[in-house]
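Asker:
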Amino acid sequence: MIDPATIDVPEFLERWYGPPDGPSGTLPTTCDWLPAPLKEWHSLASRWSTPLMTVNRMIAPEQVKAGDDRTAVFMEDATGDWRWAFDTADPDVVHEAELYEPWQRCAESLPELLTHSVLYEATYTGSSWRECAQVEEDRLDSVLAPMTRIAFGGWGSPRPGGRIFMSDTLVAATGPAMAPGSPWENRPGYAEVRVATTEPERLAYLDDMTDILWIKPFP
Numbered sequence: 010m011i012d013p014a015t016i017d018v019p020e021f022l023e024r025w026y027g028p029p030d031g032p033s034g035t036l037p038t039t040c041d042w043l044p045a046p047l048k049e050w051h052s053l054a055s056r057w058s059t060p061l062m063t064v065n066r067m068i069a070p071e072q073v074k075a076g077d078d079r080t081a082v083f084m085e086d087a088t089g090d091w092r093w094a095f096d097t098a099d100p101d102v103v104h105e106a107e108l109y110e111p112w113q114r115c116a117e118s119l120p121e122l123l124t125h126s127v128l129y130e131a132t133y134t135g136s137s138w139r140e141c142a143q144v145e146e147d148r149l150d151s152v153l154a155p156m157t158r159i160a161f162g163g164w165g166s167p168r169p170g171g172r173i174f175m176s177d178t179l180v181a182a183t184g185p186a187m188a189p190g191s192p193w194e195n196r197p198g199y200a201e202v203r204v205a206t207t208e209p210e211r212l213a214y215l216d217d218m219t220d221i222l223w224i225k226p227f228p
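Okay, so the sequence shown: first residue is 10 according to the working numbering, each after it adds one.
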């Protein structure tokens with residue numbers, strides 16, 4: 010597996026989104042209390058006019074507030090129903106929870122989570138992609154063969170069990186498939202998979218897997 014700490018995030022962003030088209034943004038002094046990794050992420054992301062996040066949402070740094078429970082929410086899903094917060098007494102520690110539910114300690118440190126976020130979002134921002142919500146688990150090795158799993162601790166959202174894989178040109182997100190019909194539990198023996206790239210020809214091997222019903226972008 011790939012150690013998340015060895016991933017060069019600025020280098021990955023340049024490969025995925027192209028060279029930065031702006032200078033690093035300067036955060037207001039009211040943000041000085043934020044953890045260094047979070048400030049560095051916002052400064053780095055500001056160098057691209059292209060949004061780096063389309064699934065989850067990073068809270069604007071000046072809007073991050075410390076709560077009475079020693080947490081400060083810095084990221085949430087698109088609906089605001091799932092939130093991530095750093096511990097104001099130990100900023101490397103991250104907590105996560107569904108809205109109105111008790112906080113649970115995340116299996117990732119703040120630096121690891123920020124790297125995880127970059128790679129997860131990349132599966133949705135890649136210019137070319139394939140997705141299938143119901144891939145038989147015995148086909149996963151073939152689907153993911155060109156890539157190596159990243160040793161992320163994992164999140165509770167969108168559902169526990171998600172994994173990220175990457176190569177020099179591909180990024181993939183996998184997780185438990187959802188069973189059809191309420192109560193929307195995991196479907197045993199199946200996984201959902203999304204593979205993305207900025208080089209369309211890299212996905213040809215997936216198109217050769219005609220037994221898998223891939224969703225793909227319109228031409």
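Quick reminder that beta carbons are idealized off the backbone N, C-alpha and C, glycines included.
Under 6 Å Cβ to Cβ from E201, same chain only, skipping five residues before and after it: list those, please.
Answerer: Correct list, in chain order: A142, G184 and A186.
Asker: Report the residue ranges of all alpha helix (DSSP H) runs contained in full by the segment 120 to 177; include only those spanning at least 4 residues, in chain order.
Answerer: As far as the segment 120 to 177 is concerned, its whole alpha helix (DSSP H) runs of at least 4 residues are 149 to 152.
Asker: In the DSSP output, what is A182 paired with across the bridge?
Answerer: Beta-bridge pairing links A182 to I173 and R203.
Asker: Please state the DSSP three-state secondary structure of E23.
Answerer: Here E23 sits in helix by DSSP.
Asker: Apart from the five residues just before and just after A116, which ones in its own chain have a Cβ nearer than 6 Å to its Cβ?
Answerer: Result list for A116: G162 and G163, in chain order.
Asker: So which of D99, D77 and E107 has the shortest CA-CA distance to A87?
Answerer: Here the closest residue by C-alpha is E107.
Asker: Output needed for E145: all residues of its chain with C-beta closer than 7 Å, excluding positions within five of it in sequence on either side, in chain order.
Answerer: Taken in chain order, the residues that qualify are G198 and Y199.
Asker: Whether or not the segment 38 to 48 and the segment 67 to 76 are in contact is what I'm after, with contact meaning three or more pairs of Cβ atoms, one per stretch, closer than 8 Å; do they touch?
Answerer: Touching, yes, given that three or more Cβ pairs across the two stretches are closer than 8 Å.
Asker: From S136 to S126, what does the alpha carbon distance come to, in whole angstroms?
Answerer: Answer to the nearest angstrom: the Cα atoms are 18 Å apart.
Asker: Under the rule that 16 or more other beta-carbon atoms within 10 Å means buried, what is R24, buried or exposed?
Answerer: Result: exposed.
Asker: Please name the residue in T178, L61 and Y109 whose C-alpha comes closest to that of Y129.
Answerer: Checking every option, the nearest Cα to that of Y129 belongs to L61.
Asker: Run through DSSP, which three-state label would A45 get?
Answerer: Note: A45 maps to helix in three-state DSSP.
Asker: Tell me the residue span of the beta strand (DSSP E) that contains D216.
Answerer: Careful: D216 lies outside any beta strand (DSSP E), inside the alpha helix (DSSP H) at A213 to D216.
Asker: Helix, strand or coil for A14? Go by DSSP, reduced to three states.
Answerer: Three-state DSSP puts A14 in a helix.
Asker: Buried or exposed: A14, going by 16 or more other Cβ atoms within 10 Å of its Cβ?
Answerer: The residue in question, A14, is exposed, as its Cβ has fewer than 16 Cβ neighbours within 10 Å.
Asker: Just to confirm before moving on: does the CB-CB distance between A75 and T39 stay below 9 Å?
Answerer: Not in contact: A75 and T39 (Cβ atoms no closer than 9 Å).
Asker: What does DSSP give as the partner residues of F83 in its beta bridges?
Answerer: For F83, which the question treats as bridged, DSSP gives no partner whatsoever.
Asker: Give a yes or no on contact between the segment 176 to 183 and the segment 202 to 209, applying the rule of three or more CB pairs nearer than 8 Å.
Answerer: Result yes; three or more Cβ-Cβ pairs closer than 8 Å.
Asker: For L119, count neighbouring Cβ atoms within 10 angstroms of its own Cβ and tell me buried if that reaches 16, exposed if not.
Answerer: Buried, by the Cβ-count rule.
Asker: Let me confirm a value: T80 is counted as buried when at least 16 other C-beta atoms fall within 10 Å, else exposed. Which label applies?
Answerer: Its Cβ being crowded by 16 or more others within 10 Å, T80 is buried.
Asker: With distances taken between CB atoms, is the gap from E140 to I224 smaller than 9 Å?
Answerer: In this structure, I224 lies closer than 9 Å to E140 by Cβ.
Asker: I'd like to know whether the C-beta atoms of A71 and L122 end up nearer to each other than 9 Å.
Answerer: Ala is not the amino acid found at residue 71; the sequence shown has Glu there. Contact flag unset, no.
Asker: Would T132 and I173 be called neighbours here (beta carbons separated by less than 9 Å)?
Answerer: Yes, the pair counts as a contact, with Cβ atoms nearer than the cut-off.
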